[in-house]
Amino acid sequence: TQDRVVAAGGQICREIFEFPGGRRFHFLDPSGNELAVWSDK
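So the sequence shown is residues 1 to 41, counted in full-length UniProt numbering.
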């Protein structure tokens with residue numbers, strides 16, 4: 001999924017990390033908005 005974000009013009013601003021209940025990463029879209037992708041373990 002990170003590769004697809006980058007291929008679409010996004011920029012990863014926080015690599016995948018784990019937290020209670022799952023893991024996620026944050027990215028900036030081409031307009032500079034920060035978004036996150038979450039998944040359970």
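Beta carbons are placed, not taken as given, at the ideal position from N, Cα and C, and that holds for glycine.
None of the values given here were measured: they were computed from a predicted structure.
Cβ-based burial, residue i [other Cβ within 10 Å; buried from 16]
{"i": "Phe-27", "result": "buried"}
Bridge-paired residues (DSSP) for residue i
{"i": "Arg-23", "result": "Glu-18 and Ser-39"}
CB contact flag (residue i, residue j, <7 angstroms)
{"i": "Gly-21", "j": "Ser-39", "result": "no"}
{"i": "Arg-24", "j": "Val-5", "result": "no"}
Limits of the alpha helix (DSSP H) - the one that residue i falls within
{"i": "Asp-3", "result": "2-7"}
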